[in-house]
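For the sequence shown, my numbering assigns the number 127 to the initial residue and increments by one for each residue that follows.
We put the beta carbon where it would ideally sit given N, CA and C, even for glycine.
Predicted model only: the values in this text are computed from it and were never measured.
Notes for the one structure printed next.
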Amino acid sequence: MHVTSLQLQQFRNIPELDLSCPEDLHLFVGANAQGKTNLLESLYMISLGKSHRARSLQECIRFGEQTAMIRTRTEARSKKNRLELKLLPKGRKIKKNGLEVAKLSQYIGTLPVVLFAPEDLQLVKGGPQVRRKFLDVEIGQISPAYVHHLTQLKNLLKERNQLLKNLSKNNTFPLTFLDVLDEQLIELSVSIWRKRIESLARLQEWAEEIHLSITKGEERLRIEYIPSVPIHAQMSEQDMKHVMLKSLEKVRKKEIILGNTLLGPHRDDFSLQQNKLDYHTFGSQGQQRTAALSLKLAELQLVKEAKGNFPVLLLDDVLSELDDSRKTHLLESIRGRVQTFVTATGLDGIDLQTQKQAVVYHVKNGHVTRA
């Protein structure tokens, strides 16, 4: 997968940009707060329809303006697409080859991307919600059905939580509707669990191999899914449903008291381990960085396996966070295979071979110039 052009209008601090970028490696250099991350954010947004750092899309509209625009042209093998994302005062419009996209679930995956930023260390150090987001973004780019199920789950949880709150205020309220919502929750949960477990198993294979290579065979990375109910990969779909039903029955009174859904994929987690020791608790900062890097490089392979092409890689000021050995492994892994957009505050620490292969740009006050 290649992005061959990127156009921006009134996006963040960038008034206008028209960039031809068919090459493999692009390096954006500039001081902090000049707009480097905004460039990568625009590619992330036109890929997934949302920002990885803004609470609302409207935050990405340049101050004083009413709308913003992102346009890209992409190419994968012989297939070409024109993508457009328009940010409005309320909402957004996405077009693919001139036609407005009705369902985001049918659009995500058109331009698969993998973002690696300093905050991705939170994949190891952070809370369960960080790891769930990683899974949801990664799987969503290769499975439209998964995105659809997540949307259904979000809406169902909102409805179910409201019902639980009503039941907590009025204990004479009939439970029949809650039974109906429980059936829907069980169906959606099992669909999401099966896809997550399947995808983590594939990630495990790639990440273990990559991790062994980075650590020169000294550490074997294991990924373990931690569901909120006692299901496991060997269970049949029917057994998972039965376990979820019994688990919901046990916590029903507590859920009504709290007015909140306590079980389901929205409560799950996964751990990164070595010798059954969780890197979250027992890993050094170097080990945590290596585990996060292994997971991100495995994500590239997973998308390649599912889509037939490597995704576009976005490296946001991450090279400065890696030591020389990890940096070398990352750059050698992608060299000549993965189109990559990199941001950095300077060229120090970036090897000469990478600099020679890259198209280098200077970014200042939202303006981008080729070096």
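What is the DSSP secondary structure of residue i, counted as helix, strand or coil?
i: Gln414; result: helix
i: Glu431; result: helix
i: Val250; result: helix
i: Leu473; result: coil
i: Asp404; result: strand
i: Leu153; result: strand
i: Tyr233; result: coil
i: Thr298; result: coil
i: Glu264; result: helix
i: Glu191; result: coil
i: Leu225; result: strand
i: Thr387; result: coil
i: Glu381; result: helix
i: Arg257; result: helix
i: Glu350; result: strand
i: Val468; result: strand
i: Val369; result: helix
i: Val486; result: strand
i: Ala271; result: helix
Please state whether the Cβ-Cβ distance between residue i and residue j is less than 8 Å.
i: Ile196; j: Met171; result: yes
i: Glu356; j: Trp319; result: A small correction: the amino acid at residue 356 is Pro; Glu does not occupy that position in the sequence shown. No, Cβ-Cβ distance for Pro356 and Trp319 is not below 8 Å.
i: Arg452; j: Arg496; result: no
i: Pro437; j: Leu423; result: no
i: Leu132; j: Ser173; result: no
i: Val489; j: Gln160; result: yes
i: Met127; j: Gln465; result: yes
i: Phe260; j: Leu326; result: no
i: Leu455; j: Ile340; result: Here residue 455 is His; the residue named in the question, Leu, does not match the sequence. Closer than 8 Å, so yes.
i: Asp442; j: Thr469; result: yes
i: Arg328; j: Glu245; result: no
i: Val129; j: Thr198; result: yes
i: Lys291; j: Gly385; result: yes
i: Gln413; j: Tyr405; result: yes
i: Ala417; j: His337; result: yes
i: Thr193; j: Leu225; result: no
i: Leu282; j: Ile382; result: no
i: Glu285; j: Leu301; result: no
i: Leu473; j: Gln481; result: yes
i: Leu347; j: Ala359; result: no
i: Glu345; j: Gln400; result: yes
i: Met370; j: Ser317; result: no
Starting from residue i, trace the beta strand (DSSP E) in both directions and tell me its first and last residue.
i: Ser182; result: That residue, Ser182, is in no beta strand (DSSP E); it is neither H nor E in DSSP.
i: Phe396; result: Asp395 to Gln400
i: Lys195; result: The residue you asked about is not Lys; residue 195 is Met in the sequence shown. Start and end: Ala194 to Ala202.
i: Lys453; result: It is not in any beta strand (DSSP E) - Lys453 instead sits in the alpha helix (DSSP H) that spans Asp450 to Ile460.
i: Asn515; result: The structure shown has nothing for residue 515, since the chain only spans 127 to 497.
i: Ser146; result: Ile140 to Ser146
i: Ser131; result: His128 to Phe137
i: Lys219; result: Arg218 to Lys222
i: Leu439; result: Val438 to Asp442
i: Val240; result: Val239 to Phe242
i: Thr495; result: His493 to Arg496
i: Glu447; result: Taken as a continuous stretch (DSSP letters only), Glu447 belongs to no beta strand (DSSP E), as it is neither H nor E.
Hey, quick one: how far does the alpha helix (DSSP H) through residue i stretch, first residue to last?
i: Ala359; result: From DSSP, Ala359 is part of no alpha helix (DSSP H); its letter is neither H nor E.
i: Gly480; result: Residue 480 is actually Thr in this sequence, not Gly. Unbroken alpha helix (DSSP H) run through Thr480: Leu478 to Gln483.
i: Leu311; result: Thr302 to Ile340
i: Ile172; result: Lys162 to Leu174
i: His392; result: Unbroken run through His392: none, as it is neither H nor E.
Which residue's Cα is closest to the Cα of residue i: the options?
i: Lys205; options: Leu237, Leu183, Leu213 and Leu276; result: Leu237
i: Pro254; options: Gln400, Thr466, Arg393 and Asp477; result: Arg393
i: His493; options: Lys430, Met370 and Val155; result: Val155
i: Glu201; options: Ile460, Gly434 and Ser446; result: Gly434
i: Thr407; options: Lys221, Val250, Asn139 and Glu142; result: Val250
i: Glu210; options: His358, Glu363 and Asn223; result: Asn223
i: Asn164; options: Gln192, Leu134 and Ser146; result: Leu134
i: Ile140; options: Lys162, Arg378 and Val306; result: Lys162
i: Glu264; options: Arg461, Cys147 and Glu324; result: Glu324
i: Ser459; options: Thr471, Gln136, Met361 and Leu151; result: Leu151
i: Lys379; options: Ser315, Gln330, Ser317 and Lys295; result: Lys295
i: Glu185; options: Leu304, Arg218 and Pro148; result: Arg218
i: Val322; options: Leu145, Leu428 and Asp477; result: Reading off the sequence, residue 322 comes out as Arg, not Val. Cα-wise, what sits closest to Arg322 is Leu428.
i: Arg463; options: Val486, Gly475, Thr471 and Leu439; result: Leu439
Check: Any contact of the region 307-315 with the region 374-390, i.e. 3+ C-beta pairs under 8 Å?
Finding: yes
Checklist line | Validate contact between the region 237-244 and the region 172-185 using beta carbons, cut 8 Å, 3 pairs | finding: yes
Notebook entry, point to check: If you pair each beta-carbon of the region 263-274 with each one of the region 217-234, do three or more pairs fall below 8 Å?
Noted result: By the Cβ criterion, the region 263-274 is in contact with the region 217-234, since at least three pairs of Cβ atoms, one from each stretch, lie closer than 8 Å.
Margin query: With three or more beta-carbon pairs closer than 8 Å as the criterion, would you say the region 358-377 touches the region 442-457?
Written below: no
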